[in-house]
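In order, the protein sequences belong to chains A and B.
For the first sequence, the working numbering begins at 1 and goes up steadily by one.
For the second sequence, the working numbering begins at 150 and goes up steadily by one.
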Amino acid sequence: MAEIQNDTAFRKALDGLDIDRQRKVGAMFVRAVLPLIADERVTAAVDAAERGASGDMLSAAFQGARRASIDWHTRCGAEGDWKEQAAYFVARAAAALVAPPAHVKSGNPAWQAAVNARMARTSLSIDGEAAATRENEAQYRILAGFLNA
Amino acid sequence: MTDRAKLAINAFKEQIDGAVSAYFSSCVHCGLCAHACLFFNETGDPRYTPIHKLEPLRRVWWSEYTLFGKLASLIGLAPKVTDKLLADWQELTYNACSLCGRCSMVCPVGNDIAGMIRKQREGMVAAGYSPEGLQGASTRAVKIGSPMGVTWKAVSAQIGHVENDTGLAIPVDRQGADYMVLMSSMEIMNYPEYLEAVARIFNAADVSWTLSSEAFEATNSGIQIGSADIARELVSRVVNAAEKLGVKTVISPECGHAYTALRWEGPNLIGRPYKFKARHILEVLDDLRAAGKLKTEGFEDERMTFHDPCQLVRRGGVLEQPRRLVRMVVKDFVDMPDAGKMNWCCGAGGGVSAIEEAAELKLTAFNAKKRQLEAVKPEKLITACANCRIQLEEGLEENNMDIPVVGLTELLAEHLVETEKAEG
Numbered sequence: 001m002a003e004i005q006n007d008t009a010f011r012k013a014l015d016g017l018d019i020d021r022q023r024k025v026g027a028m029f030v031r032a033v034l035p036l037i038a039d040e041r042v043t044a045a046v047d048a049a050e051r052g053a054s055g056d057m058l059s060a061a062f063q064g065a066r067r068a069s070i071d072w073h074t075r076c077g078a079e080g081d082w083k084e085q086a087a088y089f090v091a092r093a094a095a096a097l098v099a100p101p102a103h104v105k106s107g108n109p110a111w112q113a114a115v116n117a118r119m120a121r122t123s124l125s126i127d128g129e130a131a132a133t134r135e136n137e138a139q140y141r142i143l144a145g146f147l148n149a
Numbered sequence: 150m151t152d153r154a155k156l157a158i159n160a161f162k163e164q165i166d167g168a169v170s171a172y173f174s175s176c177v178h179c180g181l182c183a184h185a186c187l188f189f190n191e192t193g194d195p196r197y198t199p200i201h202k203l204e205p206l207r208r209v210w211w212s213e214y215t216l217f218g219k220l221a222s223l224i225g226l227a228p229k230v231t232d233k234l235l236a237d238w239q240e241l242t243y244n245a246c247s248l249c250g251r252c253s254m255v256c257p258v259g260n261d262i263a264g265m266i267r268k269q270r271e272g273m274v275a276a277g278y279s280p281e282g283l284q285g286a287s288t289r290a291v292k293i294g295s296p297m298g299v300t301w302k303a304v305s306a307q308i309g310h311v312e313n314d315t316g317l318a319i320p321v322d323r324q325g326a327d328y329m330v331l332m333s334s335m336e337i338m339n340y341p342e343y344l345e346a347v348a349r350i351f352n353a354a355d356v357s358w359t360l361s362s363e364a365f366e367a368t369n370s371g372i373q374i375g376s377a378d379i380a381r382e383l384v385s386r387v388v389n390a391a392e393k394l395g396v397k398t399v400i401s402p403e404c405g406h407a408y409t410a411l412r413w414e415g416p417n418l419i420g421r422p423y424k425f426k427a428r429h430i431l432e433v434l435d436d437l438r439a440a441g442k443l444k445t446e447g448f449e450d451e452r453m454t455f456h457d458p459c460q461l462v463r464r465g466g467v468l469e470q471p472r473r474l475v476r477m478v479v480k481d482f483v484d485m486p487d488a489g490k491m492n493w494c495c496g497a498g499g500g501v502s503a504i505e506e507a508a509e510l511k512l513t514a515f516n517a518k519k520r521q522l523e524a525v526k527p528e529k530l531i532t533a534c535a536n537c538r539i540q541l542e543e544g545l546e547e548n549n550m551d552i553p554v555v556g557l558t559e560l561l562a563e564h565l566v567e568t569e570k571a572e573g
């Protein structure tokens, strides 16, 4: 029975998964924050990661999610809106899920998805519209459930 | 003459010093600056010739400070600075100039044309002929402390996020620290990985550092819009916080114009030398490398190149430091043609990115970067300015070029040798 209580164990467990399973569990992390964005391209990327898409399908999903992350970013000098910024981080998380290896920092899409999903939740809390939830702890539970399934 | 035109003329007169007079009087009308300008080159529009962009300032110089100009003024023949002229030149002064300084480099008589554009902006902003986007950014910078409206609450949230992800404590308001780290709003909003990278590198190098809750913002909208008063106010906040904490060095982040504002314009704006050093993060990291405190392991697999932010390399002279750092982690490094001090601007500097109406023009300007990249075909692109980074990402996407962009500090952190030790 896997039990994960900190990021060290979390990362170690994620690193132990093959790329398909990293994408699948990463999709679960992104799914948890998906209501923070209304963008079909992002949803399509999460769907693609969940069903283990490959080749052209994966590539198309990545291009859509990456374009979404660029569209949702805050322009330099523009007034920041943390709700929109939460959407930007969800788009980044989704793009990381389906990205080719060169685009993924640390080489682990699930970890990148997790970090960006946490930042999305953090962004939402900045304007005081939602209490900052412990997204990392929620992710520990998701991963433990995934490993134990 | 309207009140607005009068305001502009008076502000122009305040900007016209010996250097400006010498520049205008020594211009030989060769047109070399046109071919050095990103905006002229990519559009072919002669209005974008750098020296032509200075026509309002030149008219005031000629009519007020030259013999023939004064005589022409007396008989009503001197070309006038009117509201229409100022309105027409707003686009040329802001949207079509990133203050990259490439024109200044090629001028055969040594005119600092970009420096004069900066001065012309003082008059434009005094008369209210500045873009709405930059006005908003400047207002927020003065009132809230950040051009993008980022508050300390947002920085605190990011600190919490980084502390959770890394297990490191981020020092805040630590008296007597060696380094005070500034960030740009872009890094706080779009690239939180920058703070994480700095925290991990400084922890590994056992560096004494701090953030200041009173001055975390490095960007300076006053420099971009062309208001010395605003620029002075924003620099003063950093200076006051740094001197209150008694830090030895203030670090400008991966942001081009923030470095210009802090390091080169700052002391002149406040009228005295700093009691601390001002350095760019890459200068500090290169010092750590030289001292053996920045240790990395492994190399990137891809062929990579580096985009020099104009304010860093051309206006600031930080040329070799990034390359020494890149070579620590990249074996297949290739410089683009014209890299270094003659590098082509990304197209979004000098406040251009904050001007919504300039969105199409800045993407047209990106074509110069596109050609540079096509010449060396990198698999990954490194830079050291968050504003350049977002423009590069947009430009690459627009041109269907599949090249990931990464910040240099962040890239180094990915290869960092970290040992277990007390958290810093």
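All residues carry an ideal CB built from backbone N, CA and C; glycine is no exception.
Values in this document were obtained by computation on a predicted structure and should not be read as measured data.
Query: Extent of the continuous alpha helix (DSSP H) run through Thr-152/A; Result: Look at the range of chain A in this structure, 1 to 149, and you will see that residue 152/A is not part of it.
Query: For Ser-54/A, three-class secondary structure by DSSP; Result: coil
Query: In chain order, each alpha helix (DSSP H) run of at least 4 residues that lies wholly inside the segment 365 to 438 of chain B; Result: 370 to 374, 377 to 394, 405 to 408 and 415 to 419
Query: Chain A within 9 angstroms of Leu-283/B, Cβ atoms only; Result: yes
Query: CB contact check: Ser-54/A to chain B, cutoff 9 angstroms; Result: no
Query: Assigned exposure category for His-178/B - 16 Cβ within 10 Å defines buried; Result: exposed
Query: Residues that Asn-108/A contacts on chain B, provided the C-beta gap is smaller than 7 angstroms; Result: Correct list: empty, because the minimum Cβ distance to chain B is about 12 angstroms.
Query: Residues bridged to Val-479/B [DSSP beta-bridge criterion]; Result: Glu-449/B
Query: Per DSSP, cross-strand counterpart(s) of Thr-454/B; Result: Leu-530/B
Query: Status (buried if at least 16 other CB within 10 Å, exposed otherwise) for Pro-471/B; Result: buried
Query: Counted within 10 angstroms of its Cβ, other Cβ atoms place Ile-337/B as buried (16 or more) or exposed; Result: buried
Query: Given 8 angstroms, three or more beta-carbon pairs between the segment 442 to 457 of chain B and the segment 412 to 425 of chain B; Result: no
Query: Val-169/B - DSSP class collapsed to helix/strand/coil; Result: helix
Query: is_contact[Val-115/A, chain B] using C-beta, thresh 9 angstroms; Result: yes
Query: Beta-carbon proximity of Leu-187/B to Cys-249/B, cut-off 9 angstroms; Result: yes
Query: 6 angstroms CB neighbourhood of Leu-206/B in its chain, flanking five on each side removed; Result: Phe-161 and Gln-269
Query: Exposure of Asp-166/B, with buried meaning 16 or more beta-carbon neighbours within 10 Å; Result: exposed
Query: Buried/exposed call for Asp-314/B, threshold 16 Cβ in 10 Å; Result: buried
Query: CB-CB length for Leu-561/B against Ile-430/B, believed under 8 angstroms; Result: Going by Cβ atoms, the distance from Leu-561/B to Ile-430/B rounds to 10 angstroms, so no, they are not a contact pair.
Query: Whole runs of the alpha helix (DSSP H) within the segment 191 to 266 of chain B, excluding any shorter than 4 residues; Result: 199 to 202, 204 to 214, 216 to 223, 232 to 239 and 251 to 255
Query: Option nearest Val-554/B by Cα separation, candidates Ile-266/B, Val-566/B, Glu-528/B and Gly-325/B; Result: Glu-528/B
Query: Simplified DSSP state of Met-550/B, which is helix, strand or coil; Result: coil
Query: Assigned exposure category for Ile-539/B - 16 Cβ within 10 Å defines buried; Result: buried
Query: Sequence-distant residues of the same chain with beta carbon closer than 7 angstroms to Val-30/A, five excluded per side; Result: Val-46, Val-90, Ala-93, Ala-94, Leu-97, Ala-113 and Ala-117
Query: Gln-138/B versus Asp-127/A - alpha carbon distance; Result: No information on residue 138/B is available, as it lies outside the stretch 150 to 573 that chain B covers here.
Query: Ala-245/B versus Val-501/B: straight-line alpha-carbon distance, rounded; Result: 8 angstroms
Query: Val-321/B (DSSP reduced to helix, strand or coil); Result: strand
Query: Sequence-distant residues of its chain with Cβ nearer than 8 angstroms to Tyr-197/B (five each side left out); Result: Ala-183, Cys-186, Phe-188, Phe-189, Leu-241 and Ala-245
Query: Delimiting residues of the alpha helix (DSSP H) encompassing Tyr-340/B; Result: Per DSSP, Tyr-340/B belongs to no alpha helix (DSSP H) and is neither H nor E.
Query: Same chain, Cβ closer than 7 angstroms to Thr-231/B, five either side skipped, listed in chain order; Result: Ala-154
Query: Per DSSP, the bridge partner or partners of Gly-556/B; Result: Thr-532/B
Query: C-beta contact flag for Val-258/B and Ser-334/B at 9 angstroms; Result: no
Query: Residue range of the beta strand (DSSP E) that includes Val-304/B; Result: Taken as a continuous stretch (DSSP letters only), Val-304/B belongs to no beta strand (DSSP E), being part of the alpha helix (DSSP H) at 301 to 315.
Query: Reduced DSSP category for Tyr-278/B - H, G, I as helix; E, B as strand; rest coil; Result: coil
Query: Rounded Cβ spacing between Ala-508/B and Trp-493/B (contact assumed at less than 8 angstroms); Result: Not really, about 19 angstroms apart at Cβ, beyond 8 angstroms.
Query: Partners in chain A for Ser-502/B, counting only beta-carbon separations shorter than 7 angstroms; Result: Arg-75, Cys-76 and Gly-77
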